Amino acid sequence: MGRIKEAAQRKADARLGAATLGELAVSRVGVFCQCNRCGHTAVLEIGRLLEDLGPAFPVPEVGGRLRCTGCNGKDIATHPARPDQSRNKPLPEARGVETAASAQPVQTPAMPMPAAPARGGRH
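Residue numbers for the sequence shown follow our numbering, beginning at 6 and rising by one.
Rendered as structure tokens:
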């Protein structure tokens with residue numbers, strides 16, 4: 006994420022009181038991640054994120070520590086997962102998004118992966 010975008014995100018988080026990893030752990034909800042470049046999505050397990058980043062870490066800033074495995078992009082949006090995405094239970098391991106902090110990503114069955122757009126000329 007660019008510096009201007011990060012500063013704007015921090016300002017909005019402070020104004021809105023962004024959710025923290027500790028709050029998600031209490032609710033047993035994962036962190037939903039979406040790549041703003043290719044649209045790839047995943048839900049991260051909260052346990053490893055808590056160990057690496059701490060309970061006071063704001064959820065929207067988690068995206069700044071991630072890299073998409075679909076396109077290798079670093080522009081990742083993060084927010085608390087919906088209850089049907091994390092199913093209110095510990096999340097199993099799966100492939101999806103790699104983190105600099107080595108969090109365990111989880112594929113979300115409710116959010117199928119979009120097909121890659123065809124490249125080439127007009128048809």
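Glycine included, C-beta positions come from ideal geometry on N, C-alpha and C.
All figures in this text were calculated on a predicted structure; none of them were measured in a lab.
For Arg72, the enclosing beta strand (DSSP E) has its first and last residue at Leu71 to Cys73.
Listed in chain order, the beta strand (DSSP E) elements of length 3 or more contained wholly in the stretch 10-72 are 36-40 and 46-49. Distance from the Cα of Asn77 is smallest, within the candidate group Arg42, Leu26 and Phe37, for Arg42. For Ala86, no beta strand (DSSP E) segment is defined, and its DSSP state is neither H nor E. One thing to note: Ala61 has its Cβ within 9 Å of the Cβ of Gly27. Between the alpha carbons of Lys10 and Thr83 lies a gap of roughly 14 Å. Each residue's CA atom was taken as its position, placing Gln14 and Gly68 some 11 Å apart. A direct Cα-to-Cα measurement between Ala12 and Asp89 gives close to 31 Å. Residue environment analysis places Val31 among the exposed positions, since fewer than 16 neighbouring C-beta atoms fall within 10 angstroms of its C-beta.
Distance from the CA of Ile81 to the CA of Ala24, rounded to the nearest whole angstrom, comes to 17 Å. About 13 Å separates the Cβ atoms of Leu49 and Cys40, ruling out a contact at the 8 Å cut-off.
In summary, Ala47 is buried, with 16 or more beta-carbon neighbours lying within 10 Å of its beta-carbon over all protein chains present.
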